[in-house]
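Peer 1: Take a look at the following structure, please.
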């Protein structure tokens, strides 16, 4: 599942200092708008076909058919047809990857407390630099995988959170690829 999410993130986004204790709730950067406090989120759009979209900062991606896309403040949220599982893409300005990830958690789920399992460097590709993958430990009872992909282009960090039920990830694996 984690490999599928990494492949999804690597192939979907198009671009025009490791800290082993980094957790989703660390305060490295204070974003101006939180995910749940977005003033007036855009109306959710359920897609009938694979559809080219862009993040708030203009980074292009293709949203899969059947998924729902919503923009909430600085977050672009893709939700699977089954509901309750998300790919969240947020562009932030930060000093490094760890600060970008911390800022993104503050926007998406400031109360998340999953411990960080690993940070994996990823090779630069297609104009993206300073790429890293973050894996989080979830409870076996949650039956959920939580991973983060962070990459930088033009002094903006694009952070993608995969917060997905394992059963949904297995079912949607081909779509994520």
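Residue numbers (the working numbering): 397 to 573.
Even for Gly, the Cβ is constructed at its ideal location relative to N, Cα and C.
Please read these numbers as outputs of a predicted model, since none were measured by experiment.
Compare the Cα-Cα distances from residue 456 to each of 549, 562, 526 and 440 and report the closest residue.
Peer 2: For residue 456, the nearest C-alpha among the options comes from 549.
Peer 1: Measuring CB to CB, does residue 514 end up less than 8 Å from residue 553?
Peer 2: For residue 514 and residue 553, no; Cβs fall outside 8 Å.
Peer 1: Given a cut-off of 8 Å, decide if residue 512 and residue 482 are closer than it, judged by their beta-carbon atoms.
Peer 2: In this structure, residue 512 does not lie closer than 8 Å to residue 482 by Cβ.
Peer 1: Can at least three beta-carbon pairs, one atom from the segment 555-563 and one from the segment 465-484, be found at a separation below 8 Å?
Peer 2: Yes, the segment 555-563 touches the segment 465-484.
Peer 1: What is the rounded straight-line gap between the Cα of residue 442 and the Cα of residue 504?
Peer 2: Whole-angstrom Cα-Cα distance: 21 Å.
Peer 1: Is it the case that the Cβ atoms of residue 555 and residue 476 are separated by a distance below 8 Å?
Peer 2: It is not a contact, given that the beta carbons lie outside the stated cut-off.
Peer 1: Less than 8 Å between the C-beta atoms of residue 472 and residue 451, yes or no?
Peer 2: Going by C-beta atoms, residue 472 is nearer than 8 Å to residue 451.
Peer 1: Among the residues of its own chain, which have a CB less than 6 Å from the CB of residue 496, if the five just before and after it don't count?
Peer 2: Cβ neighbours of residue 496 beyond the five flanking positions: 488, 490, 546, 553 and 555.
Peer 1: Please state whether DSSP places residue 567 in a helix, a strand or coil.
Peer 2: Of the three classes helix, strand and coil, the one that applies to residue 567 here is helix, per DSSP.
Peer 1: Can you tell me where the alpha helix (DSSP H) with residue 478 in it begins and where it stops?
Peer 2: Note, residue 478: premise wrong, no alpha helix (DSSP H); not H, not E.
Peer 1: How is residue 498 classed by DSSP in three states: helix, strand or coil?
Peer 2: If DSSP states are grouped into helix, strand and coil, residue 498 belongs with the helices.
Peer 1: Quickly, what does DSSP pair residue 504 with across the bridge? List them, please.
Peer 2: Bridge partners of residue 504: none, in fact.
Peer 1: Taking the C-alpha atoms as reference points, what is the distance between residue 486 and residue 530?
Peer 2: Straight-line Cα distance between these residues: approximately 15 Å.
Peer 1: Please report the straight-line C-alpha distance between residue 464 and residue 540, rounded to a whole angstrom.
Peer 2: Taking the straight line from one Cα to the other gives about 20 Å.
Peer 1: If you run the structure through DSSP and keep just helix, strand and coil, what is residue 514?
Peer 2: The answer is strand: DSSP assigns residue 514 an E or B state.
Peer 1: From the DSSP output, which residues share a beta bridge with residue 468?
Peer 2: Residue 468 is bridged to 471.
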